[in-house]
Structure formats: C-alpha cells, structure tokens
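Below is one structure, written out as structure tokens, with a few remarks after it.
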Amino acid sequence: MVVLEKIKLEKHEFVAFGWKDKVRAIIAIHSTKLGPACGGIRMWNYSSEEEALEDALRLSLAMSLKSAAAGLNLGGGKCVVIGDPNKDKSEELLLALGDFVQSLGGTYITAEDIGITSQDLAVIAQRTRYVVGLPEYMGGMGDCSPYTALGVFYSIQTALEFLYGSPSLLGKTVAIQGLGKVGGNLAELLLSKGARVLGSDTIEERCEWARSRGVEIFPPQEILFQPCDVLSPCALGGVINEGTIPQLRCKIICGGANNQLEKDEDVYLLEKMGILYIPDFIANAGGIISLSVEMEGNFTLERAKERVKGIKERVGELLRIHKEEGANTLEAGLRMAYARLEGD
Ligand code: NAD
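What follows is the structure in structure tokens.
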C-alpha cells in the first residue's frame with residue numbers, strides 16, 4: 008500500500024492515508040498513551056472519503072475509551088477501507104494492508120471488524136506481525152465476537168440487577184438489532200437463560216438461523232420500537248438519535264455496536280425518557296479484552312472468559328457512579344476511561 012500522507016490532528020495523534028489501485032485506506036490513531044493503538048480493520052462501502060475519515064476518527068476514539076476503561080495497556084486505533092468487501096477484497100489488497108500496518112512500526116496493531124475475517128488476517132499477517140485475532144491454526148484465538156457477546160450479556164445482567172434487583176433473564180424481553188456475529192451469539196446466551204428474544208436482520212439467512220433457535224423476528228424498521236426490557240443494538244452505530252429516541256419502548260439500552268448514540272447529547276433525551284443507557288465502550292469490550300489475552304501469549308478459552316467477566320464489575324462501578332455521584336451513565340463511563348487516559 009502506498010502511504011500518501013500522515014497528518015496530525017488536534018484530538019488524534021495522527022491519521023495515515025494509503026491506497027492500492029483504486030482502493031483507499033485510512034488508519035486513525037487516537038492515542039498510544041497506554042500502549043500501542045489497537046483496533047480492527049473495517050471494510051465498508053463508504054459513500055465518500057470524508058465519511059470514511061469521520062468513521063475512522065470516531066471508531067479510534069471509541070477504541071481508546073474501551074481499552075482504557077477495561078484497564079488494558081492498549082491505545083485506540085482503527086483502519087477503515089473504502090470498498091465493498093464482496094467485490095473489492097483481494098489477496099493483493101490484503102497484503103497491501105499488511106504493508107500499510109507494518110509501515111507504522113507497531114504503533115498500530117490491527118484485528119478484524121466488519122468486512123474483514125480472521126482468514127483475511129492470516130493473509131495480512133504475511134506482511135506484518137502487528138496483527139491479532141489470527142485463526143486458531145496460527146496460534147491465534149480466531150473470531151473474538153463470542154467474547155464481545157459474552158461481555159454484552161454480563162452487562163445486560165448487571166443493568167437488570169440495578170433496575171429490577173435481580174440479574175435474572177427469566178421472563179425478560181430483549182430486542183436485538185442485527186443478528187450477526189455478536190447479535191447471534193448474544194441471542195443464544197439470552198435464550199439459554201430463559202429470556203424472550205426479539206430480533207431483526209437485513210439478511211434473510213441470519214433471520215432464518217435465529218428463528219430456528221427461538222428468536223421472534225421483526226422487520227428491520229420495527230425492531231428498535233418493540234416494547235422490551237432491553238434494547239440491544241448489534242448492527243451499526245448512530246441508531247439512537249433524536250428521531251428514534253421518542254419512539255423507544257425499552258427500559259435499558261445495552262448492545263455490541265460501537266457509537267450507538269448519534270451524538271453524546273442524546274443521553275439527555277434517554278434520561279428524560281427514563282431509559283438506562285450502558286455506554287457501548289464499556290459493554291462491548293469483551294473482544295478487545297480477549298485479544299489482549301492473545302497478545303500476552305498462551306491464549307486459553309478459560310483465561311479469556313475469566314477476564315471478560317470483569318465487565319460485570321465495571322458496569323457495576325459505572326452504575327455506582329451514576330447513582331451516588333449523579334452523573335449520567337455516559338459521563339460515568341467517560342470518567343472511568345479518562346481517569347486512565349489523562350492520569351499520570
Ligand atoms: P456482523 O456484520 O457479523 O453483524 C452485523 C449484522 O447486522 C449483520 O448480520 C447485518 O446484516 C445486520 N444489520 C445491518 N444493518 C441492519 C439493520 N438496519 N437492521 C438489522 N440488522 C442489520 O458484525 P458483528 O461483528 O456482529 O458486529 C456488530 C457490531 O458490533 C458492529 O457495530 C461492530 O463494530 C460492533 N463490535 C463488534 C465486535 C466483535 O467482536 N465482532 C466488537 C466490538 C464491537
């Protein structure tokens with residue numbers, strides 16, 4: 008990948024732009040204060056370079072907050088690739104992305120995200136050693152989304168306990184937007200604990216799969232507005248906004264998607280509606296936590312699961328700050344992250 012330019016920004020350490028043939032890629036490094044910036048590669052059909060840059064900046068910030076709040080010695084970074092993974096992804100492109108990551112000399116460690124699989128990482132790893140989430144046959148942990156789902160599951164239980172006095176899912180209704188890797192795993196965990204699960208996906212096969220497991224399927228335009236105890240956004244960001252909030256009929260929002268709130272101020276509207284929002288960067292840290300176990304070497308399932316369990320305590324601490332110090336839940340989460348990011 009040819010690196011076009013590297014630019015320093017006010018709130019980010021730098022952004023690097025690269026390209027291979029017609030495909031453009033951007034790596035945004037928000038912070039390396041706590042350690043190398045880690046975050047996945049997202050390949051998406053962005054409508055413009057500005058949209059892709061905006062996404063890279065927001066997602067790399069979210070990675071900094073997530074790792075800091077989770078107590079990891081990792082910073083925040085993200086790579087976005089402008090292109091359709093079904094049409095534009097090739098071995099040459101993946102190798103070029105490996106060169107791009109390698110050119111930053113370990114400042115950025117890459118992983119998978121939407122449009123990039125663990126198998127793709129195996130190709131990228133031919134050109135860089137700064138990659139985690141490799142397939143198991145290469146000594147990696149493979150897909151980290153089951154751990155993300157587990158962390159969201161623990162977060163839901165902790166939020167239920169805060170609101171209803173019990174973490175039990177029996178008789179509780181959870182609506183999941185997006186039944187992909189995170190949403191699908193989460194649905195199975197919830198169903199196994201007796202929850203009623205409503206779900207939606209834009210891909211018919213995912214709906215069929217979920218229906219066969221016991222999920223009640225709703226059209227994509229209706230899922231956010233179903234009466235439920237917990238709404239769990241597990242598709243894309245920005246779905247909680249001025250337009251959708253007045254129509255929500257949930258008590259809790261807790262999901263896997265990054266940047267669920269379109270704007271930070273949306274948390275005030277949620278407060279007014281009496282909806283408890285668990286910040287995504289606290290609830291969805293299971294993936295990066297399990298990747299950090301891979302980075303330490305000798306990854307085991309048990310060790311990763313044990314580490315992800317720590318999310319329960321962090322959501323508990325967040326809700327304590329919310330209750331005792333009067334901070335809204337987003338502020339409480341940001342305090343937890345910035346205590347490390349801005350500490351000595
Ligand atoms: P995925 O692509 O496997 O699943 C997303 C699913 O959402 C897809 O099946 C897609 O068809 C569906 N979808 C898209 N738009 C929709 C809509 N409007 N309504 C209903 N469904 C829709 O991705 P994933 O790995 O499950 O990740 C889901 C979200 O969680 C993403 O925002 C991702 O950034 C975030 N996240 C994932 C991980 C991880 O470990 N995979 C970690 C942290 C955060």
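Residue numbers (the working numbering): 8 to 351. We put the CB at the ideal spot given by N, CA and C, even for glycine.
Among residues of its own chain, excluding the 5 on either side of P174, which ones have a beta-carbon nearer than 8 Å to its beta-carbon? Start at 1 with the first residue of the sequence shown, and residue 174 comes out as number 167. Closer than 8 Å at Cβ, skipping near neighbours: Q164, T165, L167 and E168.
Inspect the beta-carbon positions of G245 and E269 and report whether they are closer than 8 Å. Here residue 245 refers to the residue found at position 238 when the sequence shown is read from its first residue. Here residue 269 refers to the residue found at position 262 when the sequence shown is read from its first residue. Cβ atoms of G245 and E269: closer than 8 Å.
Since E249 is in the alpha helix (DSSP H), which residue starts that stretch and which ends it? Your numbering for residue 249 matches position 242 in the sequence shown. No alpha helix (DSSP H) holds E249; DSSP gives it neither H nor E.
Can you give the beta carbon distance from L348 to K40, rounded, assuming they're within the 8 Å contact cut? For the purposes of this step, residue 348 is taken as residue 341 along the sequence shown, with counting starting at 1. For the purposes of this step, residue 40 is taken as residue 33 along the sequence shown, with counting starting at 1. The beta-carbon distance between L348 and K40, rounded to whole angstroms, is 6 Å. This is short enough to meet the 8 Å contact definition.
Taking its Cβ as the centre, do 16 or more other Cβ atoms sit within 10 Å of N265, making it buried, or is it exposed? If you number the sequence shown from 1, residue 265 lands on position 258. That one is buried.
For I318, count neighbouring C-beta atoms within 10 Å of its own C-beta (all shown protein chains included) and say buried if the count is 16 or more, exposed if not. Stepping through the sequence shown from its first residue, residue 318 is reached at position 311. It counts as buried.
Nearest-angstrom Cα distance between M343 and P227? Along the sequence shown, one-based indexing puts residue 343 at 336. Along the sequence shown, one-based indexing puts residue 227 at 220. C-alpha separation (whole angstroms): 34 Å.
Once the 5 residues before and after I296 are set aside, which same chain residues still bring their CB inside 6 Å of it? Here residue 296 corresponds to residue number 289 of the sequence shown, with the count starting at 1. Excluding residues within five positions, the ones whose Cβ falls inside 6 Å are A77, R314 and V315.
Excluding sequence positions up to five away, which residues of its chain have a Cβ less than 7 Å from the Cβ of L64? Your numbering for residue 64 matches position 57 in the sequence shown. By the criterion of a C-beta distance shorter than 7 Å, L64 is surrounded in its chain by H19 and A35, once the five residues flanking it on both sides are discounted.
Would you mind reading off the limits of the alpha helix (DSSP H) that contains V222? Here residue 222 corresponds to residue number 215 of the sequence shown, with the count starting at 1. Looking at the DSSP string, V222 is not in any alpha helix (DSSP H), and its letter there is neither H nor E.
Can you list, in chain order, the residues of its chain with a C-beta nearer than 7 Å to that of Y284? Leave out the 5 residues immediately preceding and following it. For the purposes of this step, residue 284 is taken as residue 277 along the sequence shown, with counting starting at 1. Only I260, V274, L277, T336 and L337 meet the Cβ criterion.
Please go through the stretch 31-79 and give each complete alpha helix (DSSP H) segment of 4 or more residues, from N-terminal end onward. Counting whole runs of 4 or more residues, the stretch 31-79 contains the alpha helix (DSSP H) stretches 56-76.
Just the Cα atoms here: how many angstroms apart are L298 and P153? One-based indexing of the sequence shown puts residue 298 at position 291. One-based indexing of the sequence shown puts residue 153 at position 146. If I take the Cα positions, the gap works out to 12 Å.
Quick one: using the 10 Å Cβ neighbour count with 16 as the cut-off for buried, is E119 buried or exposed? Position 112 of the sequence shown, counting from 1, holds the residue named residue 119. Burial call: buried.
For L170, which residues of its own chain have a beta-carbon under 7 Å away from its beta-carbon, when the five flanking residues on both sides are left out? Position 163 of the sequence shown, counted from the first residue, corresponds to residue 170. Closer than 7 Å at Cβ, skipping near neighbours: K258, I259 and L283.
Beta-carbon contacts of G221 that lie in its chain and below 6 Å, excluding the five residues immediately before and after: Translated into the one-based positions of the sequence shown, residue 221 becomes position 214. Hits under 6 Å: L198.
Within 8 Å, do at least three Cβ pairs link the stretch 116-132 to the stretch 53-64? Not touching, per the Cβ criterion.
Is there at least one non-hydrogen atom of the ligand NAD closer than 7 Å to the beta-carbon of K188? Translated into positions along the sequence shown, residue 188 becomes position 181. The beta carbon of K188 sits closer than 7 Å to at least one heavy atom of the ligand NAD.
Within a Cβ cutoff of 6 Å, which residues of the same chain sit near A182, ignoring the five residues on either side of it in sequence? Counting from 1 along the sequence shown, the entry for residue 182 is found at position 175. Closer than 6 Å at the Cβ level, and outside the excluded window around A182, lie L205, I230, Q233, C235 and L238.
One question on the structure: do L193 and G263 come within less than 8 Å of each other, judged by their Cβ atoms? As a first step, residue 193 must be located in the sequence shown, where it is residue number 186. As a first step, residue 263 must be located in the sequence shown, where it is residue number 256. Contact flag set, yes.
Would W51 and I116 qualify as a contact pair, given that the criterion is a beta-carbon distance under 8 Å? Position 44 of the sequence shown, counted from the first residue, corresponds to residue 51. Position 109 of the sequence shown, counted from the first residue, corresponds to residue 116. Not a contact, by the Cβ cut-off of 8 Å.
I need the straight-line Cα distance from F21 to A69, nearest angstrom please. Residue numbering aside, residue 21 sits at position 14 when the sequence shown is read from its first letter. Residue numbering aside, residue 69 sits at position 62 when the sequence shown is read from its first letter. Linking F21 to A69 through their CA atoms gives a straight-line distance of about 15 Å.
If I follow the unbroken beta strand (DSSP E) through G83, where does it start and stop? Taking the first residue of the sequence shown as position 1, residue 83 is located at position 76. Segment G82 to I89, the beta strand (DSSP E) holding G83.
Which of the three DSSP states is assigned to T336 in this structure? The residue given as residue 336 occupies position 329 in the sequence shown. In the structure shown, T336 falls within a helical segment according to DSSP collapsed to helix, strand and coil.
Going by alpha carbons, who is nearest to M145 out of T155, A156 and Q133? As a position in the sequence shown, residue 145 is number 138, starting the count at 1. The option with the nearest alpha carbon to M145 is Q133.
Is the beta carbon of G190 less than 8 Å from the beta carbon of C241? Taking the sequence shown and counting its residues from 1, the one referred to as residue 190 is at position 183. Taking the sequence shown and counting its residues from 1, the one referred to as residue 241 is at position 234. Contact: yes.
Return the bridge partner residues of Y275 from the DSSP annotation. Residue mapping note: residue 275 aligns to position 268 of the sequence shown, counting from 1. Beta-bridge pairing links Y275 to no other residue.
Go ahead and pull the three-state DSSP assignment for A264. For this step, residue 264 is matched to residue 257 along the sequence shown. Residue state, collapsed to three classes: coil.
F21 - DSSP class collapsed to helix/strand/coil: On the sequence shown, residue 21 is found 14 positions in, with the first residue counted as 1. DSSP places F21 within a strand segment (E or B) once states are collapsed to three.
Counting C-beta neighbours from all protein chains within 10 Å, is the total for D287 16 or more, i.e. buried, or is it exposed? Position 280 of the sequence shown, counted from the start, is the residue given in the question as residue 287. Under this definition D287 is a buried residue.
Is it the case that the Cβ atoms of L81 and P142 are separated by a distance below 8 Å? Residue numbering aside, residue 81 sits at position 74 when the sequence shown is read from its first letter. Residue numbering aside, residue 142 sits at position 135 when the sequence shown is read from its first letter. For L81 and P142, no; Cβs fall outside 8 Å.
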